[in-house]
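Engineer:
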Amino acid sequence: MIKYFYKIGSKTWFGTGGKCFVFFEVECQNFLVNLMKFLPKKIPIFPIGLGSNILFRDGFYFGAVIKLGTTFAKIKYLNKDKLLKVGCSVKDLNLANFCYDNSLTGFEFLIGIPGTIGGAIKMNSGCYNQCISDHLISVSCITRKGKKINLLKKDIQFGYRTTNIPEDYIFTDATFKAKKSSKHKIRNLMRSIKVERKQSQPLGVRTGGSTFKNPNNEKAWKLIDKAGFRGIEKNLVQVSNLHPNFIINHGNKKSLEIELLGEEIRKKVYDENGIRLDWEIERVGSFEKI
-13 MIKYFYKIGS KTWFGTGGKC FVFFEVECQN FLVNLMKFLP KKIPIFPIGL GSNILFRDGF
47 YFGAVIKLGT TFAKIKYLNK DKLLKVGCSV KDLNLANFCY DNSLTGFEFL IGIPGTIGGA
107 IKMNSGCYNQ CISDHLISVS CITRKGKKIN LLKKDIQFGY RTTNIPEDYI FTDATFKAKK
167 SSKHKIRNLM RSIKVERKQS QPLGVRTGGS TFKNPNNEKA WKLIDKAGFR GIEKNLVQVS
227 NLHPNFIINH GNKKSLEIEL LGEEIRKKVY DENGIRLDWE IERVGSFEKI
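Everything in the sequence shown is counted per the numbering used here, starting at -13 for the first residue and increasing by one.
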């Protein structure tokens, strides 16, 4: 699927944002290779998964947004080698459930992350003391020049919610090490994660997940709460009462309002504590011209 001047905010959880130059939903790896090879280099590329941790600004994004289709959403377990082959458009939730069905442990934490495996690798997603990089062996990518490469874990620098992989690489599939366990233990761990998530995070609303990264030796939500932002609402944009590091969109149409509230939080936290909160939500594109 190819759409020009596409309202890309519709592909994000916030549901706000302007238009992008072109949107591709890709179902064929050969097409993806040729797309990366022949798309003019002056056009930036932005890969998108479920759009759960992204804020597209209200102005025009002169770039190509690329989403992988169902061809890249396959999971295969190689029992002999104890390996998992996972397409990068697989939902985190689906991999967690697949591992439960096959009595594989180490991926239970993905039940609490609303995204895709590609996005999880890109951000080194994690929760409950685990990260996706803990189990990664390698990831296959298409470079901006349309070259297929395989990156081993040892060649990638993983940090807190970051990697050193170029932004315009498209992840196609990944290989993980797998470990057997009992379904009983896996089910209990997944249930406890679900319960904790339900008790501590706003669900079923338009939010971008964790808004800010945790600073060293601090919790972002505690700093936001201390600054008095819990529950505050401005222009249909609210800081969650349940978890202050979540911003909820209650029907606002502008990304600017979300970003302005976030920047207000950052300023007050810095003024009171001398700590700069870094955005975890990825902000893309330009501001709307007035």
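Ideal placement from N, C-alpha and C gives every residue a C-beta, glycine not left out.
Every value quoted in this text rests on a predicted model; they were computed, and no experiment measured them.
Are residue 156 and residue 128 close, meaning C-beta to C-beta below 8 Å?
Structural biologist: yes
Engineer: Going by other Cβ atoms of all chains shown within 10 Å of its Cβ, with 16 needed for buried, is residue 152 buried or exposed?
Structural biologist: exposed
Engineer: Would a C-beta distance cut-off of 8 Å place residue 42 and residue 271 closer than the cut-off?
Structural biologist: yes
Engineer: Out of 17, 186 and 86, point me to the one whose CA is closest to residue 158's CA.
Structural biologist: When each option's Cα is compared against that of residue 158, the closest is 17.
Engineer: Would the region 257 to 267 and the region 42 to 54 be scored as touching if the rule is three or more Cβ pairs under 8 Å?
Structural biologist: no
Engineer: Name the two residues that bound the continuous beta strand (DSSP E) containing residue 224.
Structural biologist: 223 to 225
Engineer: Hey, residue 81 and residue 107 are a contact pair by Cβ (cut 8 Å); roughly how many whole angstroms apart?
Structural biologist: Going by Cβ atoms, the distance from residue 81 to residue 107 rounds to 12 Å, so no, they are not a contact pair.
Engineer: To which residues of the same chain is residue 99 closer than 6 Å at the C-beta, ignoring the five residues directly before and after it?
Structural biologist: Closer than 6 Å at Cβ, skipping near neighbours: 78 and 111.
Engineer: Name the residue from 59, 49, 29 and -1 whose alpha carbon lies nearest to the alpha carbon of residue 12.
Structural biologist: 59
Engineer: Going by DSSP, what residues sit across from residue 254 in a beta bridge?
Structural biologist: When DSSP reads this structure, residue 254 sits in no beta bridge, so it has no partner.
Engineer: Quick one: what's got a C-beta closer than 6 Å to residue 226's C-beta in the same chain, skipping five residues either side?
Structural biologist: Take residue 226, set aside five residues on each side of it, and the residues of its chain with a beta-carbon closer than 6 Å to its own are 188, 232 and 234, in chain order.
Engineer: Expressed to the nearest angstrom, what Euclidean distance is found between the alpha-carbon atoms of residue 260 and residue 229?
Structural biologist: 22 Å
Engineer: Please name the residue in 257, 61, 240 and 137 whose C-alpha comes closest to that of residue 275.
Structural biologist: 240
Engineer: What span of residues does the beta strand (DSSP E) with residue 86 cover, start to end?
Structural biologist: Per DSSP, residue 86 belongs to no beta strand (DSSP E); it is in the alpha helix (DSSP H), 78 to 87.
Engineer: Enumerated in chain order, which unbroken segments of the beta strand (DSSP E) with a length of 3 residues or greater are wholly contained in the region 150 to 197?
Structural biologist: With a minimum length of 3 residues, the continuous beta strand (DSSP E) runs that stay inside the region 150 to 197 are 156 to 163 and 192 to 196.
Engineer: Between the C-alpha atoms of residue 258 and residue 243, what's the straight-line distance to the nearest angstrom?
Structural biologist: 23 Å
Engineer: Is the Cβ-Cβ distance between residue 148 and residue -1 less than 8 Å?
Structural biologist: no
Engineer: Could you work out which residue in 118, 119, 55 and 138 is closest to residue 126 when comparing CA atoms only?
Structural biologist: Comparing alpha-carbon positions, the option among 118, 119, 55 and 138 lying closest to residue 126 turns out to be 138.
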